[in-house]
Structures are given as C-alpha cells and as structure tokens.
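Below is one structure; the comments refer to it alone.
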Amino acid sequence: MTDDIDEARDWLGNEVDCGTCTHLGLRASGGCRLMQACVNDRYARRIDRFFNWNPALADAYITHPHVEVRAIAAKHANLFLLPMLLDDAEETVRWNAARRLPKRFVLRLRSDPHREVRMRVATLLEGEALAPMMSDQDYYVRLVVASRIAPALLGRLMNDDEPEVRRVVALRIPYDWLLGMVNDRDPTVRLEIARRLSPVSLSVLRRDPDWRVRYEVASRITAAELAELTEDEDSMVQEVARERVAIRPERPRESGT
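What the sequence shown shows, in UniProt numbering, is residues 1 to 257, in sequence order.
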C-alpha cells in the first residue's frame, strides 16, 4: 500500500529516479519501495519508513542537505555521531539528537534559540538542572519548568509576569509560602491559593475583590468568621454563607438552665 501522495519527487522537486539511486539493490530485498519507503523522497513519512526499514544506513545521512532526512536519520544514527547535530541549523534535527543523548548534552540546549526545543528540553530535565530555565523569555517554557521543578525551588517564579505560570506555582509551592501570594494581582491565582489554605487561614481572603475567591472562602472558612460573608454583595457568596450559618449546630446548653 502506498501513501496518498501520487508522485515521487525529491526535496528539490525533481522526479525520483530509482535507476540512479545508490540503494537500488534494496528494492529486490524489499528494503525500499518507490512512493512508500524512500530516502530520496521529499515527504517525511516515506523517509521515516525508509529508515525504519534500514536503520543501519542512518549514519550516512546525518549531514544530508534535506532537513527531513537529517532529522529522521538522527532518530536512528549511532549515538557517538549525534553531538555534532546539536549545532544543526534546524531545530527538529537538534531536538531529535538531544532526546537520545545523555542529559549532560541536553543541558546545552537550555538556551536554544527555538522555543519548541527549550520547551522539550524542560520536559527532560529535573531539579537544579531546570533552575536556569526559570528566567526563560518564553512564558510557556517557564510554565513547563514551574510544573516540573522541585516545589522548594519555585520561589523565583512566585512573581512571574505571566498569570498562568503563577497559577501553577500556587498549586505546587510549599504550604508555608501560600500567604505570600494572597495579594497576587490575578484572581485565578488567588483562587488556587484559597483552595489550598486551611479554613483557619482563609480569613485573609474574605474581602477579596473577586467573587469566586470569596465564594471559596465562604464555602470553607470557620463558622465563627461567616457573618460578614452572609451580607456579601454577590448573591452566590451570600447564599453559601447563609446556608452554612443555617445548618451550624447549636451550642449545647449548660446544665441547670
């Protein structure tokens, strides 16, 4: 079965000619097939299939002028040849090489010029190795770092410019640090803080400007602190607070009264 594309052309647009191919001998043994598995084809699917069938040939193609060939060859080539590809001009080649190499080589790509590479690098590293990436210029890279780095190292991201990064931080920082984020400028961050705070500590957010935060507070704050929220300007906050007041058990009477 062939691919849907009904022509075989190389990366320069020329028609593929099996008669001039150095791998012509593979045809007889089923090692390649025009319009299905061909290293000279311009389409990645066909190139990928060629190297899946002939992984031992990948070493000879890691410097090929077509980026798809280099990138796919990097998935199969000898590990000792891969470090040179970390300086390749194309990000897909650099990444395919990096993900197969030991972590010490991956460290070189923490400052890669392409955000996609840095994002993927962040998924491979842990602990202190991730620390330099907390100041990455791209917020999504910092978001990946915030979701992976040890909670005790998240202090630098508590004041990140991007609310989504701070929201992840709020979910993961040590409990003792939560009060340091109760005045965050974004309500979704404060809401995550409210969800993690104990009922006793929630009083610091009972006058939060966002009704969602106050609703969370009213749902869990200690009964002794509910009164103010029963008169909240938001009807939903009022309702949950009044419901809790209504079902609060009566204090037992002292004997003799």
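Ideal placement from N, C-alpha and C gives every residue a C-beta, glycine not left out. Please read these numbers as outputs of a predicted model, since none were measured by experiment.
Next on the checklist: Checking 8 Å against the spacing of the C-beta atoms, do alanine 194 and glutamate 216 come in under that value?
Outcome noted: A contact, by the Cβ cut-off of 8 Å.
Checklist entry - Under the three-state reduction of DSSP, which class applies to alanine 150: helix, strand or coil? => result Alanine 150 falls in the coil class under three-state DSSP.
Checklist entry - Since arginine 9 sits in a beta bridge, which residues does DSSP pair it with? => result The beta-bridge partner set that DSSP reports for arginine 9 consists of Glu15.
Item to check | Burial state of arginine 207 (16 or more Cβ within 10 Å) | outcome: Arginine 207 counts as exposed, since fewer than 16 other beta carbons sit within 10 angstroms of its beta carbon.
Next on the checklist: Using CA atoms only, rank isn't needed, just tell me which of His66, Asp59, Ala60 is closest to histidine 13.
Outcome noted: The amino acid at residue 13 is misidentified as histidine; the sequence shows glycine. Out of His66, Asp59, Ala60, His66 has the C-alpha closest to the C-alpha of glycine 13.
Checklist entry - The alpha helix (DSSP H) with isoleucine 193 in it runs from where to where? => result Counting along the chain, the alpha helix (DSSP H) containing isoleucine 193 begins and ends at 187 to 196.
Checklist entry - Buried or exposed: aspartate 161, going by 16 or more other Cβ atoms within 10 Å of its Cβ? => result Residue environment analysis places aspartate 161 among the exposed positions, since fewer than 16 neighbouring C-beta atoms fall within 10 angstroms of its C-beta.
Item to check | Runs of alpha helix (DSSP H) wholly within the stretch 75 to 127 (minimum 4 residues, chain order) | outcome: Here the runs fully enclosed are 91 to 98, 103 to 106, 115 to 124.
Checklist entry - If we ignore side chains and look at the alpha-carbon of each, how far apart do methionine 1 and alanine 56 end up? => result Because the pLDDT at methionine 1 is just 44, under 50, the model does not fix this residue reliably, and the value given afterwards should be weighed accordingly. CA-CA distance, methionine 1 to alanine 56, rounds to 24 Å.
Next on the checklist: Here's the rule: buried if 16 or more other CB atoms are within 10 angstroms of the residue's CB, otherwise exposed. What is methionine 236?
Outcome noted: Exposed: under 16 other Cβ atoms inside 10 Å.
Checklist entry - Applying the criterion that 16 or more other CB atoms from any shown protein chain within 10 Å of the CB defines a buried residue, is isoleucine 221 buried or exposed? => result The residue in question, isoleucine 221, is buried, as its Cβ has 16 or more Cβ neighbours within 10 Å.
Checklist entry - Where do the N-terminal and C-terminal ends of the alpha helix (DSSP H) with leucine 202 fall, by residue? => result Here leucine 202 belongs to no alpha helix (DSSP H), and DSSP marks it neither H nor E.
Next on the checklist: Given this structure, state the Cα-to-Cα distance separating valine 189 from alanine 152, to the nearest angstrom.
Outcome noted: Their backbone Cα atoms lie some 18 Å apart in a straight line.
Item to check | Helix, strand or coil at arginine 49 according to DSSP, with G and I counted as helix | outcome: Taken through DSSP and simplified to helix, strand or coil, arginine 49 comes out as helix.
Checklist entry - Apart from the five residues on each side of it in sequence, which residues of its chain come closer than 7 Å, Cβ to Cβ, to valine 168? => result Leu143, Ala146, Ser147, listed in sequence order.
Item to check | When Ala241, Glu233, Phe50, Asp210 are compared against alanine 223, the one with the closest alpha-carbon | outcome: Between alanine 223 and the set Ala241, Glu233, Phe50, Asp210, the nearest pair of CA atoms involves Ala241.
Checklist entry - With C-beta atoms as the reference, is valine 93 less than 8 Å away from arginine 70? => result Pairing valine 93 with arginine 70 gives a Cβ-Cβ distance under 8 Å.
Checklist entry - What is the rounded straight-line gap between the Cα of residue 287 and the Cα of leucine 197? => result Outside the shown range of the chain (1 to 257) lies residue 287, about which nothing can therefore be said.
Item to check | Cβ-Cβ separation, valine 141 to arginine 108 (assumed contact under 8 Å), whole Å | outcome: Not a contact, Cβ separation roughly 16 Å.
Checklist entry - Skipping 5 residues on each side, what residues in its chain have a beta carbon closer than 6 Å to that of alanine 77? => result Within its own chain, the residues whose Cβ lies closer than 6 Å to the Cβ of alanine 77, once the five positions on either side in sequence are excluded, are Ala58, Asp59, Ile62, listed in chain order.
Next on the checklist: Among Gly155, Pro209, Val245, whose alpha-carbon lies nearest the alpha-carbon of glutamate 233?
Outcome noted: Of Gly155, Pro209, Val245, the residue nearest in Cα terms is Pro209.
Next on the checklist: So for arginine 33, helix, strand or coil by DSSP?
Outcome noted: Under the three-state reduction of DSSP, arginine 33 is assigned to strand.
Item to check | valine 168 in three-state terms, based on DSSP | outcome: Of the three classes helix, strand and coil, the one that applies to valine 168 here is helix, per DSSP.
Checklist entry - Using the C-alpha atoms, what's the distance from glutamate 228 back to proline 174? => result Going by the C-alpha atoms only, they are around 30 Å apart.
Item to check | Alpha carbon of residue 261 to alpha carbon of proline 187, nearest angstrom | outcome: Nothing can be reported for residue 261: it is not among the residues displayed for the chain, which extend from 1 to 257.
Item to check | Straight-line Cα distance separating lysine 75 from asparagine 54 | outcome: When the Cα atoms are used, asparagine 54 and lysine 75 turn out to be separated by approximately 12 Å.
Next on the checklist: Shorter than 7 Å, the distance from the beta carbon of alanine 241 to the closest heavy atom of the ligand FAD, or not?
Outcome noted: The model depicted lacks the ligand FAD and carries no ligand whatsoever.
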